[in-house]
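Worksheet for the structure shown next.
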Amino acid sequence: MWYEILPGMAIMGLCLTIPGMATIFMHRLSNDGKEKRIARYPFEWTLLERDRRLSGVNKHYVSKGLENIN
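Take the position in the sequence shown, starting the count at 1, then add 14; the result is the number in this note's numbering.
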């Protein structure tokens, strides 16, 4: 019957979901709990460079609040 395909679809869906979720967790692990930021356009790259410069530790994923910026 039609329901015999459900276990196979569930296994295929799980196999397609695991790599994406693992990538998110690996990025969080390597970036101190924040997801990976990517710059597709020049404006986004300038924002990443600004964040890197303002962080004080030369890492764009270490954020400072506005009260800490001189």
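Every residue, glycine too, gets a C-beta built ideally from N, C-alpha and C.
{"query": "So, at 8 Å on beta carbons, what are the nonlocal neighbours of residue 64 in its own chain, with the 5 sequence-adjacent residues on each side left out?", "result": "none"}
{"query": "I'd like to know whether the C-beta atoms of residue 49 and residue 32 end up nearer to each other than 8 Å.", "result": "no"}
{"query": "Whose C-beta lies closer than 7 Å to the C-beta of residue 72 among residues of the same chain, with five residues either side of it excluded?", "result": "66"}
{"query": "Which whole-angstrom value describes the C-beta separation of residue 62 and residue 53, a residue pair presumed to lie in contact below a C-beta threshold of 8 Å?", "result": "5 Å"}
{"query": "I need the DSSP call for residue 51, collapsed to helix, strand or coil.", "result": "coil"}
{"query": "Counting along the chain, where does the alpha helix (DSSP H) carrying residue 69 start and finish?", "result": "56-69"}
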